[in-house]
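Position 281 of the sequence shown, counting from 1, maps to 263 under our numbering, and the rest follow consecutively.
So the structure is just underneath, and the comments pick up after that.
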Amino acid sequence: MSIEFTVEPNQNPASDARIEEIFADPGFGNYFTDHMATVDWEGTYHDGGQWKNARITAYGPLSLDPAAAVFHYGQEVFEGIKAYRHSDGSIWAFRPEVNAVRLQNSARRLALPELPEEIFLESVKQLVSIDQKWIPTGEGESLYIRPFMIATEAYLGVRPSHQVKYMVIASPVGNYFGTPKPVDIWLSTNYARAGVGGTGAAKCGGNYAASMIAQLEGEEQGCQQVIFKDPNRDDAIEELGGMNVFYVFGKENKVVTPELTGTILEGVTRKSLLQLAEDRGMTVEERKFTLTEWREGVANGDITEVFACGTAAVVSPVGKLKAADFEIPSATGEEPGEISMALREELVGIQTGKIEDRHGWLTRL
Ligand code: COI
């Protein structure tokens, strides 16, 4: 299904000097481009409804009824994609079709309509095209694209909204954690991120909201991130507040990451790194991975590196794991692990056009 986007350009876009100033230190998610994409949907979950009024307009605040369902029942899903400008000036997005399918899966779980892949890809293309001067090209930089969908119907009964807005905004970003160095993480035992049959595999705001109290607990303990266990499977590790986790077994030339159980987000970076590790001749295992194995593996030297990954952070080395009554030391001390960094460099190399895109992961925008 295709749809035409109307374009109403921003009459007061940021000046080149302002963009230059932002590019000097973009950080992550602090600044937004001149435009946004919007598509409205009306209907019922059962009749499929209709997507309409596709438009690119000036970036700006929304006017929503205070009774809009998203404010009360959290009917919302989102995505994260990065776009890169290559040295020849061409612009590419990394695996946006995988994000399109994941948004559909998340939407289904939240009883939101499934946006057709063509509309998703067109919305990203249109927005990036009109705001292309906002793509930074420094080390670790890109244009982070945030598609999302919210329930807008003003109705307080609990049922799927009959009105929905799908939108895309974009933000020039640098490295999520600054220069990659091991981040210490807190093991949450007071809180779970997801449960069996819950929304753990969906990219919905509620999962991130639920992780924040545990994140704060971690910060009080001097940690930058939090990791969750699966409360239903003894000491199985799940994922961080917003990233998947990998364990490198150096001597065995192997990487292990928790299997997708329905409570873990199916990360696009996770999927891509599994492929890159396999390409290097490494054994890759997606399986139950326990806290005991982490503890023993670091102690006996089998686990030589631990890293977290996601679209925003790419690959972020993990340092020590801190829990209420014990600690697992960093497998690599103060330095990032060699394999973690090699995988990161290869992935970023492909994304930025410096390494051949042998798997056809890039889509030209
Ligand atoms: C991403 O990696 O794209 C996310 O959505 C996670 C968030 C921590 C920014």
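For every residue, glycine included, the Cβ atom is placed at its ideal position computed from N, Cα and C.
With DSSP as the reference, please indicate the residues paired to residue i in a beta bridge.
| i | result |
| --- | --- |
| D22 | K34 and K147 |
| I132 | E58 and K147 |
| H354 | In the structure as shown, the chain starts at -17 and stops at 347, and residue 354 therefore has no counterpart that could be examined. |
| S153 | Y126 |
| Y66 | W74 |
| V208 | W168 |
| V(-11) | I38 |
| L344 | F76 |
| N226 | C291 |
| I4 | Paired residues: none, contrary to the question. |
Applying the criterion that 16 or more other CB atoms from any shown protein chain within 10 Å of the CB defines a buried residue, is residue i buried or exposed?
| i | result |
| --- | --- |
| D70 | exposed |
| L109 | buried |
| T245 | buried |
| Q32 | exposed |
| F271 | buried |
| K64 | buried |
| L256 | buried |
| R340 | exposed |
| R113 | What sits at residue 113 in the sequence shown is Asp, not Arg. That one is buried. |
| S124 | buried |
| L85 | buried |
| G249 | buried |
| N226 | buried |
| T265 | exposed |
| L198 | exposed |
| S(-16) | exposed |
| Q(-7) | exposed |
| S143 | buried |
| V140 | exposed |
| T181 | buried |
| F308 | exposed |
| A(-1) | exposed |
| D261 | exposed |
| A184 | buried |
Excluding sequence positions up to five away, which residues of its chain have a Cβ less than 8 Å from the Cβ of residue i?
| i | result |
| --- | --- |
| G9 | V155 and G156 |
| N214 | G177 and V178 |
| L347 | A65, I73, W74, A75, V106, K107, V110 and S111 |
| D216 | T272 |
| K211 | L169, S170, T171, A174, D217, A218, I219, E220 and L273 |
| G204 | D166 and K304 |
Report back the beta-carbon spacing between residue i and residue j to the nearest angstrom; my notes put them in contact at under 8 Å.
| i | j | result |
| --- | --- | --- |
| V238 | T134 | No, V238 and T134 are not in contact; Cβ-Cβ is about 42 Å, not under 8 Å. |
| A305 | S298 | Rounded, the Cβ-Cβ distance is 20 Å, inconsistent with contact. |
| L242 | E268 | 7 Å |
| V146 | A19 | Not really, about 14 Å apart at Cβ, beyond 8 Å. |
| W168 | I1 | Actually they do not touch by this definition, with Cβ atoms about 37 Å apart. |
| F231 | T286 | 7 Å |
| V21 | I101 | 6 Å |
| A82 | E104 | About 10 Å; that fails the 8 Å criterion. |
Can you list, in chain order, the residues of its chain whose CB lies under 7 Å from that of residue i, leaving out five sequence neighbours each side?
| i | result |
| --- | --- |
| A136 | D47, A49 and A50 |
| S312 | P164, G301 and K302 |
| P318 | P162, K163, P164 and P299 |
| T357 | Any property of residue 357 remains undetermined from this structure, which presents the chain solely from -17 to 347. |
| I195 | Y173 |
Please return the same chain residues whose Cβ sits closer than 6 Å to the Cβ of residue i, not counting the five positions on each side in sequence.
| i | result |
| --- | --- |
| V288 | Y229, V300 and A313 |
| G43 | Checking the sequence, you will find Pro at residue 43 rather than Gly. None. |
| W23 | G31, W33, P95 and V146 |
| P129 | E61 and V150 |
| S193 | R175 and G223 |
| Y148 | V21, L97 and M131 |
| T334 | Y66 |
| A36 | I(-15), F(-13) and V21 |
| R77 | V250 and W343 |
| T39 | E(-10) |
Are the C-beta of residue i and some C-beta of chain C separated by less than 8 Å?
| i | result |
| --- | --- |
| Q333 | Judged by its chain identifiers, the structure shown contains no chain C, having just a single protein chain. |
What I want to know is whether the C-beta of residue i ends up closer than 7 Å to one or more non-hydrogen atoms of the ligand FAD.
| i | result |
| --- | --- |
| T293 | Of the ligands one can find in the structure shown, namely the ligand COI, none is the ligand FAD. |
Please go through the segment 232 to 308 and give each complete alpha helix (DSSP H) segment of 4 or more residues, from N-terminal end onward.
250 to 261 and 273 to 281
Give the list of continuous alpha helix (DSSP H) stretches no shorter than 4 residues that lie fully inside the segment 311 to 336.
320 to 333
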